[in-house]
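In my numbering, the protein residues as written are 44 to 217.
Below is one structure, written out as structure tokens; the observations come after it.
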């Protein structure tokens with residue numbers, strides 16, 4: 044017991060002398076912001092060598108769904124282009140295969156919506172004429188579907204001409 048008491052006294056003296064050695068020096072925190080540690084208490088399991096997918100890229104499929112639903116087709120096209128350029132330039136494109144597949148699916152969805160915009164049905168109004176089709180035609184051309192765009196544009200043109208011909212006949216008979 045004498046040994047323990049002496050050891051405790053020595054440790055107490057050492058700690059007092061260390062704390063009084065330089066009273067002007069502030070204590071150093073081990074979890075300081077400068078030390079690079081995580082202040083939130085959780086640890087990031089990812090290695091620095093592992094490829095990090097940017098947040099904007101992982102959110103692109105959802106953003107594309109929103110743009111297509113809100114009929115912001117030009118915004119959707121620019122997002123598709125940006126994502127495809129990033130994937131092409133990526134050092135590890137195999138890690139982006141899942142996102143690439145989702146973006147390709149959204150691209151096909153955009154193409155289908157644009158094609159349905161141009162489809163000729165009896166219940167559609169031809170009031171806008173050919174100007175209303177320019178946007179869809181331009182985007183389909185940019186998406187590599189120029190053949191389908193041309194075919195549908197010609198159908199729209201012929202229907203506009205038929206509708207105008209019928210109107211002229213009705214006006215001429217009165």
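Virtual Cβ for every residue (Gly too), placed ideally from N, Cα, C.
Quantities reported herein were computed from a predicted structural model and do not represent experimental measurements.
Asked, Found
"Cα separation between residue 91 and residue 135?", "With a pLDDT of 47 at residue 91, under the threshold of 50, the modelled position of this residue cannot be trusted, and the question is left open."
"Given a cut-off of 7 Å, decide if residue 150 and residue 123 are closer than it, judged by their beta-carbon atoms.", "yes"
"Starting from the Cα of residue 114, find the closest Cα among 197, 157, 204 and give me that residue.", "157"
"CB-CB under 8 Å to residue 189, same chain, minus the five flanking residues each way: which ones, in chain order?", "183"
"Can you give the Cα-Cα distance for residue 214 and residue 201, rounded to whole angstroms?", "20 Å"
"For residue 159, report the span of its alpha helix (DSSP H) as first-last.", "140–161"
"With 16 other CB atoms within 10 Å as the buried threshold, where does residue 97 fall?", "exposed"
"Of the residues 121, 138, 145, which one's Cα is nearest the Cα of residue 104?", "145"
"What span of residues does the alpha helix (DSSP H) with residue 180 cover, start to end?", "174–185"
"Please state whether DSSP places residue 214 in a helix, a strand or coil.", "helix"
"Name the residue from 116, 162, 155 whose alpha carbon lies nearest to the alpha carbon of residue 194.", "162"
"Since residue 173 and residue 203 are thought to touch, with beta carbons under 8 Å apart, how far apart are those beta carbons, to the nearest angstrom?", "6 Å"
"Could you name the residues of the same chain whose beta carbon sits closer than 6 Å to that of residue 180, not counting the 5 residues immediately before and after it, in chain order?", "192, 196"
"Put residue 97 into one of helix, strand or coil per three-state DSSP.", "coil"
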